[in-house]
Each structure stands twice: as structure tokens, then as C-alpha cells.
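Asker:
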Amino acid sequence: MNQRIKIASGTIALSLLTSTLLHATNGDTLIAVGAKARGMGGTGIAISHGAESTLINPALITSIENTEISFGGTIFMPDISASMGQAPLYDSGANIN
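Residues in the sequence shown are numbered consecutively from 93, following our numbering.
#1: Helix, strand or coil for residue 129, going by three-state DSSP, please let me know.
#2: Check this for me: beta carbons of residue 146 and residue 161, under 9 Å apart or not?
#3: For residue 105, count neighbouring Cβ atoms within 10 angstroms of its own Cβ and tell me buried if that reaches 16, exposed if not.
#4: My guess is that residue 165 and residue 144 are in contact by the Cβ rule of under 8 Å, so how many angstroms apart are they, rounded?
#5: On a Cα-Cα basis, can you pick out the residue from 142, 129 and 135 that is closest to residue 159?
#6: On the criterion of 16 or more Cβ atoms from any shown chain inside 10 Å, does residue 152 qualify as buried, or is it exposed?
#7: Would the C-beta of residue 156 count as close to the ligand FMN, meaning under 8 Å from any of its heavy atoms?
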């Protein structure tokens, strides 16, 4: 019984510490900001790669040592579509109106 309580409490603690939505990028467009963060698979949230890192995490501005200006652009045009499977309308012929 004591073993089950330890396992259950450990599982609950682990689930509270880990996020259910683990994304490697910023979440808005799922594209990392900056060339270094893109090269690392979008992991630019906790590591400062320069001035562009402050767009994702403003606290990273404290790790910038020099004055930096960063320019960049990304064309993001996703092609998203959805279809819902529906049954066709059925006319029973009964005059219910």
C-alpha cells in the first residue's frame, strides 16, 4: 500500500512539473525567431541567441553583453484546410411543416 502511494505521488508530481504542450518554438506561428534558434530546432526560449531572443523571452535581454540591432523577416503562408464528414440531408417526403 505504501509503495502504491509513493508511485502515485511521484506520478502526480512528475505530471505537474512537465507541460502537456511541449513545443520547441514560440507557439504563435511555430517558427523559431532567428537563424541560431532555427538551426537548433527552435529551442530559443531559454538560451539567448542575441537581440532576437527577447521576442520570445523578454528576460533574456539581461544576457546581452553589447548593443545589438537585429533585422529579419519570414514569409509564413500555411495552407490549412479542414473537412467534416457529414451525412447528406435526407428528405423523407413527410409534410411535417
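C-beta atoms are modelled at their ideal positions from N, C-alpha and C, and glycine is treated no differently.
Answerer: On the basis of the data shown:
#1: helix
#2: no
#3: exposed
#4: Between residue 144 and residue 165 the Cβ distance is about 12 Å, and since that is not below 8 Å, they are no contact.
#5: 142
#6: buried
#7: No copy of the ligand FMN occurs in the structure displayed, which carries no ligand at all.
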